[in-house]
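A.B. asks:
Numbering (this note's numbering), first residue to last: -6 to 704.
This is the structure:
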């Protein structure tokens, strides 16, 4: 009965979400059902095989057959017409007469071919592992060919490339001084963005080579090769079969198209890879706490998985979701495993202490996330009343389920309800559904924490029961399961092929490599802006330069820059206009701001801002676009070049620090912003030097000719 209700509910929710996009239409087309008539000979063949008198396993997994029937009913219905459905082109498009033009036809025909082979073959682990390796290679090749090996450069990808460079050059410091932007900024984005999860596994490569030259292939290694291996490892830790582990790897390769939206389209690679450690963390906690298995290797792996999971702070929510399952299995607790986990957790906390301090001391970030609601309380309450909570849940998860692999939906989200081992069911079920609730209702409670992303770890955890069911069914010797086994194999194969298409840039989660005009623009800036000059971006930038943020441009040009939104700052954290209001009211004010900060050149993609520069030819000269970039670059007439505002000396900017050299004891002022958290070496002292309109530069009193480091 549980399986029947789960299958009916999942089918209804997905079809309901389909109706959000299409008006009218029946639930299922007669032609789709008629096509399944090809399976009638299979049923006869299975029946004949059973009549041969050979021994068969005693029982049939009736519950999971019900769920698989719900899956088959869903893929035969009109639900796959939703543009976000996991499989591409599931039904034949009008006018398309090519052979096997749709995924549905491939499923039916491949099952027809494979089923007779499965009547005698039970061991599929080797074949599944080989298939996983082939599909991983195919996905990697698809990504490489689509990008040409160039760095991904859409939305947040440039921001994360800059963070990777900054993180690897300044590690283990988490609160660092960034001299490349806005005349020096103290930030802690290495701790809050989850970039450590991507940076640390391949730290020597990120540190020694230019990030943009290795960004795409190394992301391919992490997401195409490592992530499925982590999922397979989680199954093996739980002593699942290699068949189940291989199935988990295949499902992890593309468990949801929503994952690719955040990873490839939006470029939030830090959080995406951090959450891939949730399944191994859940599996390791289960075997230590519930199965009571000891061993220093298990404990060390548990610490590593928790450490990487918490590189993105909301990873604590994911780990906390497992506490419900732990309490449900409280009768299995023993004090020794608990003590080991407590000591290991304390060790992880010590390792993450710099991250915690960096986030805790970032008052502006914490205030924005925790205390600045996007809507007034009355409006939030009204939203709850209007949506009736349940409606919000159905709306959110209808979309998420349509985007997910159907096996994850029916054998994972649904299959966890009927998994026969009670303690494992009690372990996974609360976490999966608590994260589902968090994704649906969390955005109203903490709208700036992007809790809608909790749908992804929920589906990741659902891969575990889905893979366990795949392993159980694919190893079955019951001939009555032959058609079901064939359908599982084909869906695993089609899921991998869908992953390949996603890495080829197909679907609604589009992404792109670094455009040629960005490389040309970087060459142009490097030629025109002197090494000690700066470039300012007027107004906002968003995705005006190459479809991505401009954060990485200083590393491409080796020139310092100034802008209001070089990162994807939340709108309420920064003013989306630049320079600040007192300086942008006239061209003369802008010129004064530029000379004060040693800025020699200006650019913008906004027509109004470009018009302001062109209307002041006595202050700005437009440079010819010899590189044919399509952008505009203006030089300030009579600029002030140099990093020294007062005094004599030489300043060199590096990631995380400034290096000052003077001929002896001196008092100098640098054209970098003062921050009370900065420290100086060599016996030097720092002091604020106020200018005007809120501009405060760094003053330095040196003790002698010894170089001074400011960080």
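Every residue, glycine too, gets a C-beta built ideally from N, C-alpha and C.
If you follow the beta strand (DSSP E) that residue 528 is in, where does it begin and where does it stop?
C.D. replies: Looking at the DSSP string, the run of the beta strand (DSSP E) that includes residue 528 is 527 to 530.
A.B. asks: Would you mind reading off the limits of the beta strand (DSSP E) that contains residue 691?
C.D. replies: Where residue 691 is concerned, the enclosing beta strand (DSSP E) stretches over 689 to 694.
A.B. asks: With the cut-off set at 8 Å, would you say residue 507 and residue 537 are in Cβ contact?
C.D. replies: In this structure, residue 537 does not lie closer than 8 Å to residue 507 by Cβ.
A.B. asks: Shortest alpha-carbon distance to residue 310 belongs to which of 439, 241, 682 and 649?
C.D. replies: Comparing Cα-Cα distances from residue 310 to each of 439, 241, 682 and 649, the minimum goes to 439.
A.B. asks: Hey, would you say residue 244 sits closer than 8 Å to residue 459, going by beta carbons?
C.D. replies: Contact flag set, yes.
A.B. asks: Helix, strand or coil for residue 249 per DSSP?
C.D. replies: Here residue 249 sits in strand by DSSP.
A.B. asks: Residue 150 and residue 548 - do their beta-carbons sit closer together than 8 Å?
C.D. replies: No, the pair does not count as a contact, with Cβ atoms beyond the cut-off.
A.B. asks: Compare the Cα-Cα distances from residue 682 to each of 698, 608, 661 and 449 and report the closest residue.
C.D. replies: Selected option, being the one with the closest Cα: 661.
A.B. asks: With burial defined as no fewer than 16 other Cβ atoms inside 10 Å of the residue's Cβ, what is the status of residue 54: buried or exposed?
C.D. replies: The residue is buried, with at least 16 neighbouring Cβ atoms inside 10 Å.
A.B. asks: Could you tell me the alpha carbon to alpha carbon distance between residue 432 and residue 395, rounded to whole angstroms?
C.D. replies: Cα-Cα distance, rounded: 15 Å.
A.B. asks: Roughly how many whole angstroms lie between the Cα atoms of residue 286 and residue 272?
C.D. replies: The straight-line gap from Cα to Cα measures roughly 18 Å.
A.B. asks: Quick one: which unbroken alpha helix (DSSP H) runs of 4-plus residues sit fully inside the segment 264 to 289? Chain order, please.
C.D. replies: Segments of the alpha helix (DSSP H) lying fully in the segment 264 to 289: 271 to 278.
A.B. asks: Measure the alpha-carbon distance for residue 594 versus residue 177 and round it to whole angstroms.
C.D. replies: Residue 594 and residue 177: Cα-Cα distance of roughly 18 Å.
A.B. asks: CB-CB under 7 Å to residue 291, same chain, minus the five flanking residues each way: which ones, in chain order?
C.D. replies: 277, 280 and 281, listed in sequence order.
A.B. asks: Looking at residue 659 and residue 640, is the spacing between their C-beta atoms short of 8 Å?
C.D. replies: Yes, Cβ-Cβ distance for residue 640 and residue 659 is below 8 Å.
A.B. asks: If we ignore side chains and look at the alpha-carbon of each, how far apart do residue 369 and residue 563 end up?
C.D. replies: Because residue 369 carries a pLDDT of 46, less than 50, the predicted location of this residue cannot be relied on, and the following value inherits that uncertainty. Answer to the nearest angstrom: the Cα atoms are 18 Å apart.
A.B. asks: Is the distance from the Cβ of residue 225 to the Cβ of residue 239 below 8 Å?
C.D. replies: It is a contact, given that the beta carbons lie within the stated cut-off.
A.B. asks: Terminal residues of the continuous alpha helix (DSSP H) containing residue 109?
C.D. replies: Taken as a continuous stretch (DSSP letters only), the alpha helix (DSSP H) holding residue 109 covers 96 to 111.
A.B. asks: From residue 199 to residue 354, what does the alpha carbon distance come to, in whole angstroms?
C.D. replies: Distance between the alpha carbons of residue 199 and residue 354: 27 Å.
A.B. asks: Smallest Cα separation from residue 590: which of 417, 572 and 605?
C.D. replies: The candidate whose alpha carbon is nearest that of residue 590 is 572.
A.B. asks: Check this for me: beta carbons of residue 428 and residue 399, under 8 Å apart or not?
C.D. replies: Taking 8 Å as the Cβ cut-off, residue 428 and residue 399 do not qualify as a contacting pair.
A.B. asks: Between the Cα of residue 390 and the Cα atoms of 6, 586 and 577, which residue gives the shortest distance?
C.D. replies: That would be 6, whose Cα lies nearest to the Cα of residue 390.
A.B. asks: Here's the rule: buried if 16 or more other CB atoms are within 10 angstroms of the residue's CB, otherwise exposed. What is residue 631?
C.D. replies: Residue 631 should be labelled exposed.
A.B. asks: With a threshold of 16 other CB atoms inside 10 Å of the CB of residue 558, please say whether the residue is buried or exposed.
C.D. replies: The residue is buried, with at least 16 neighbouring Cβ atoms inside 10 Å.
A.B. asks: Helix, strand or coil: how does DSSP classify residue 262 here?
C.D. replies: Helix at residue 262.
A.B. asks: Kindly list the residues whose CB is nearer than 6 Å to the CB of residue 144, restricted to its own chain and excluding five residues on each side of it in sequence; keep chain order.
C.D. replies: Once the five neighbours on either side are set aside, the close Cβ partners of residue 144 are 205, 208, 209 and 507.
A.B. asks: For residue 478, tell me which candidate among 3, 117, 343 and 326 has the shortest Cα-Cα distance.
C.D. replies: The residue with the shortest Cα to Cα distance from residue 478 is 117.
A.B. asks: Taking the alpha carbon of residue 608 as the point to measure from, which residue in 579, 73 and 644 has its own alpha carbon closest?
C.D. replies: Checking every option, the nearest Cα to that of residue 608 belongs to 579.
A.B. asks: So, at 6 Å on beta carbons, what are the nonlocal neighbours of residue 490 in its own chain, with the 5 sequence-adjacent residues on each side left out?
C.D. replies: Once the five neighbours on either side are set aside, residue 490 has no close Cβ partner at all.
A.B. asks: Taking just the CA atoms, how far does residue 386 sit from residue 469?
C.D. replies: Approximately 36 Å, taken between the alpha carbons.
A.B. asks: Classify residue 51 as helix, strand or coil using the three-state DSSP reduction.
C.D. replies: Residue placement at residue 51 is flagged as unreliable, the pLDDT there being 40, under the threshold of 50; the coordinate-derived value follows with that caveat. If DSSP states are grouped into helix, strand and coil, residue 51 belongs with coil.
A.B. asks: What does a CB cutoff of less than 7 Å around residue 498 pick up in its chain, not counting 5 residues either side in sequence?
C.D. replies: Within the same chain, residue 498 has close Cβ partners 139 and 504.
A.B. asks: Which residue's Cα is closest to the Cα of residue 201: 163, 218, 85 and 181?
C.D. replies: Closest by alpha carbon: 163.
A.B. asks: For residue 339, which residues in the same chain have their Cβ closer than 7 Å to its Cβ, ignoring the five residues on either side in sequence?
C.D. replies: Answer for residue 339: no residue qualifies.
A.B. asks: Rounded to a whole number of angstroms, what is the C-alpha to C-alpha distance between residue 393 and residue 402?
C.D. replies: Rounded to the nearest angstrom, the two C-alpha atoms are 10 Å apart.
A.B. asks: So residue 150 is in the beta strand (DSSP E); what residue range does that whole segment cover?
C.D. replies: First-last for residue 150: 150 to 163, but that is the alpha helix (DSSP H), not the beta strand (DSSP E).
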